[in-house]
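Going down the list, the protein sequences come from chains P and E.
For the first sequence, the positions run 0 to 205 when numbering that gives the first Met the number 0 is used.
For the second sequence, the positions run 0 to 468 when numbering that gives the first Met the number 0 is used.
Don't be surprised by glycine CBs; every beta carbon is placed ideally from N, CA and C.
A quick note: this is a predicted structure, and the numbers were derived from the prediction, not measured.
Working notes for the structure below.
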Amino acid sequence: MEPFTRLKGLVAPLNRTNVNTDEITPARFLKTISRTGFAQALFANWRYLGDDQTPNPDFVLNQPRYQGATILLAGDNFGCGSSREHAPWAIREYGFRCVIAPSFADIFYNNCFNNGILPVTLPEPTVLELFKEVEATEGYTLEVDLEAQTVTTPDGRVFQFPIDAFRKQAMLQGLDNIGWTLSHLDEIRAFEERRQQEAPWVFSLK
Amino acid sequence: MPKSMFEKIWEAHVVRDVPGESTILYIDRHLVHEATSPQAFAGLKAAGRKVRRPDATIAVLDHNVPTLQVRGRRVLELVDQASALCITTMEQHAREFGITLFDMNDERQGIVHIIGPEQGLTLPGMTIVCGDSHTSTHGAVGALAFGIGTSEIEHVLATQCLLQKKPRSMNIRIEGSLGPGITAKDIALYMIGRLGTGVGTGHVVEFSGSAVRSLSMEGRMTLCNMAIEAGARAGMVAPDETTFAYLKGRPFAPKGALFEKAVEAWKQLPSDPGAHFDTVHEISIDGLAPQVTWGTNPGMVVDVTGRVPDPADESDPQKRRAYERALEYMGLEPGQKITDIRVDTVFIGSCTNSRLEDLRLAAQMVKGRHVAPGVRALVVPGSMQVRRMAEEEGLADIFREAGFEWRASGCSMCIAMNGDRLSEGERCASTSNRNFEGRQGKGGRTHLVSPPMAAAAAIAGHFVDIRDF
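Here is the structure:
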């Protein structure tokens, strides 16, 4: 996993609620066996005029002032819908390392951690305030510090965000989750033996 | 201390739970399909890892498969090259790692969430995962079932476990009885409209109450399927005699004495009286009308007797903007009567509503009538078994004679990956689960309804109240 420690970056606002993963990465871009090549797919139905190529000048991410943004500011329930990890792949490949929103859908939230994207949850009034500031100030940046669990504004206001302790450490270190679980193989084997006694029908597939 | 069903299943699957660490949770059943798994198998190979329990993993082709056939068989030439590559890659991975695969010409093939319960692969008390958000469907048998991402698929393949933070628990009690023609789909849509698309975030939801008890297994699956549209990763219903009767004799379900032993264990699963839930909601469905979505998320829903809402009536500015955008996308006017909305296409299918019971209810609306001129109508059964059973009891003939296309099973127009899709601006009455922008094809306009409501819209050419149809 790609580690995340600290990030100071340009913020792009996507002021919509319930942005779903079909909107983040439409299904026609899922027809691939690759884990890369999704930068083009990000928000494709909004970003382009009809042909998946010509930029739609009305879409916020296409505005010159947001080019090079690494932090996405989003509305409530971001990433709802399908479990497709192609959504965080596209977000990461486009250049975002952090998404800030009042809330995230569960599967998307989990998927972010597995792809070096830090999902930051801040209270809705704070996010709405940040939207105003981003839109009012060209070149608006935020500083995100995972160790301290803080988001700092250009004028020095500091917002704390919650995060699960284990996930935080995993992300700071770029932990190989699978390797970590496999380091507990003895416990998995012991569990399997016990479960096979208790619920043999679960194991009777073959 | 009384426990909820969720707590019982969770605790029975904890491999390691140490403060400051994520819980290692054991996964009993892993379902895999071709759309989200190729990168997981590739990652596994790149790391030199094996599938820990090929026997606990079942693969099926569903998202990209053609629903048309050539001389009774499905061939890759019926889909584009990208879809064909996803299909052949899944076949190759299944062979390489020794995983049972229901390929597109297997008589057991179908949508992963239809075939799990249908084949008895999905059993009470299990933990079940799949790289697909509608895995919540399997909770209908009294299991803890949830969707995962591709990295997590790789994790399960390699370890048969997942790293999890224990979710909170929610109880949604649904009381009352359904009127004629009103279905679990209407309950689900009404519930999401009332409680919101994010109500279940961070929770596992147990559905209970008199309305849920009286639902068939198929209805419970529809309800749990839509739990994710309320933000809950998992929905569940306590197993009861309806569940046991449904599972008995299924191909992969335990047999004989082992089945009886399993039933005894499954009877211990329901939540104890007084069990704690972090959040509780109660909904009454007495007098519930058929539901129709008008917007671009499942919470944007009204009674069929209602009208498209006016964004100007919304005081919350974010909600108002969302309503305005939805109406623009959907090509609807505020105040428009739902029954005045004409449809171009009708899709009866998807993991939400493509089981035999759904097709029976739809066929009742269709029998002896004909699809309205200019309307394209498709029935895509959820599995080849559903298709065969529907053919045997004459439902296929009813649909065909009425002008419906009768297809082979797959995800089809719910996700529009296999070529079955809406074109720009096309309006569809759909029994699927997501009316998101572009879900059924770029620019397509989706109205979510129950199977009988979709069938009646095909006949009338616009939405109708099936209670007077």
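(1) In chain order, which continuous runs of the alpha helix (DSSP H) of length 4 or greater are located wholly inside the stretch 41 to 118 of chain P?
(2) Could you work out which residues of chain P lie near E:Asn296, taking near to mean beta carbons separated by less than 7 Å?
(3) Taking Cβ positions only, does E:Glu222 come closer than 7 Å to chain P?
(4) Report yes or no: is there a C-beta of chain E within less than 7 Å of the C-beta of P:Pro25?
(5) I need the boundaries of the alpha helix (DSSP H) containing P:Asp144, first residue and last residue.
(6) Closer than 7 Å, CB to CB, is E:Ile23 near chain P or not?
(7) Mind listing the chain E neighbours of P:Pro161? Cutoff is C-beta to C-beta under 8 Å, in chain order.
(8) Compute the Euclidean distance between the alpha carbons of E:Gln118 and E:Met329, then round it to the nearest angstrom.
(9) Exposed or buried, E:His369, counting other C-beta atoms within 10 Å across all chains shown (16 or more means buried)?
(10) Hey, how far is the Cα of E:Val463 from the Cα of E:Ala401?
(11) May I ask you to list, following chain order, the residues of the stretch 434 to 455 of chain E that have a beta carbon less than 7 Å from some beta carbon of chain P?
(12) Does any residue of chain E have a CB that is nearer than 7 Å to the CB of P:Val201?
(13) What number of angstroms, rounded off, separates the C-alpha of E:Phe5 from the C-alpha of E:Pro289?
(14) Name, please, each residue of chain P whose Cβ falls closer than 8 Å to the Cβ of E:Asn63.
(15) So that I know if they touch, is there some Cβ in chain P lying closer than 7 Å to that of E:Ser176?
(16) Since E:Arg319 is in the beta strand (DSSP E), which residue starts that stretch and which ends it?
(17) Let me know the secondary structure DSSP gives E:Arg219 once reduced to three states.
(18) Judging by CA-CA distance, which residue of E:Val291, E:Glu423, E:Met416, E:Gln439 is the nearest neighbour of E:Met452?
(19) Look at P:Thr180 and E:Ile414 and say whether their C-beta atoms are less than 7 Å apart.
(20) Beta carbon of E:His92, beta carbon of E:His62: below 7 Å?
(21) Could you tell me which residues DSSP puts in a beta bridge with E:Thr99?
(22) Touching or not, the stretch 299 to 307 of chain E and the stretch 324 to 343 of chain E, by the rule of three or more beta carbon pairs under 8 Å?
(23) In terms of residue numbering, what span does the beta strand (DSSP E) encompassing P:Leu13 cover?
(24) What residues from chain E crowd round P:Asp105, counting only those whose CB sits closer than 7 Å?
(25) Taking Cβ-Cβ distances shorter than 7 Å, what residues in chain P pair up with E:Lys164?
(26) Out of curiosity, what's the CA-to-CA distance linking P:Val206 and E:Phe243?
(27) Between the C-alpha atoms of E:Ala455 and P:Thr125, what's the straight-line distance to the nearest angstrom?
(28) Using a Cβ-Cβ cutoff of 7 Å, what residues of the stretch 34 to 68 of chain P are near chain E? List them in chain order.
(29) What number of angstroms, rounded off, separates the C-alpha of P:Glu191 from the C-alpha of E:Ala183?
(30) Between P:Val143, P:Asn114, P:Pro25, P:Gln52, which has its C-alpha nearest P:Glu92's C-alpha?
(31) Relative to the C-alpha of P:Thr20, which candidate in E:Gly437, E:Arg320, E:Thr445, E:Met220 has its C-alpha closest?
(32) Let me know the secondary structure DSSP gives E:Ser209 once reduced to three states.
(33) From the DSSP output, read off the bridge partner residues of E:His279.
(34) What residue does the alpha helix (DSSP H) around E:Gln290 start on, and which one ends it?
(35) Am I right that E:Pro297 and E:Glu228 are in contact with their C-beta atoms under 8 Å? What's the rounded C-beta distance?
(36) Could you name the residues of chain P that E:Thr182 contacts, counting a contact when the two beta carbons are closer than 8 Å?
In short, the structure shows the following:
(1) 43 to 46, 85 to 93, 105 to 112
(2) Asn17
(3) For the record, residue 222 of chain E in the displayed sequence is Leu; it is not Glu. Judged by the 7 Å Cβ criterion, E:Leu222 is not in contact with chain P.
(4) yes
(5) Unbroken run through P:Asp144 is the beta strand (DSSP E), 140 to 144; no alpha helix (DSSP H).
(6) yes
(7) Ordered by position in chain E, no residue passes the 8 Å Cβ test against P:Pro161, which lies about 12 Å from the chain.
(8) 38 Å
(9) exposed
(10) 17 Å
(11) Phe435, Glu436, Gly437, Arg438, Lys441
(12) yes
(13) 31 Å
(14) Lys30
(15) no
(16) Here E:Arg319 belongs to no beta strand (DSSP E); instead the alpha helix (DSSP H) covers 316 to 329.
(17) helix
(18) E:Val291
(19) no
(20) no
(21) E:Ile57
(22) yes
(23) 5 to 13
(24) Thr200, Gly201, Arg232
(25) Asp163
(26) Because chain P in this structure spans residues 0 to 205, residue 206 of chain P falls outside the shown range and cannot be described.
(27) 47 Å
(28) Arg34, Asn44
(29) 37 Å
(30) P:Asn114
(31) E:Gly437
(32) helix
(33) Before going further, note that residue 279 of chain E is Val rather than His in the sequence given. Paired residues: E:Asn170.
(34) Element bounds for E:Gln290: not the alpha helix (DSSP H) but the beta strand (DSSP E), 290 to 292.
(35) 4 Å
(36) Near E:Thr182 there are no residues of chain P at all, since even the closest Cβ is about 22 Å away, more than 8 Å.
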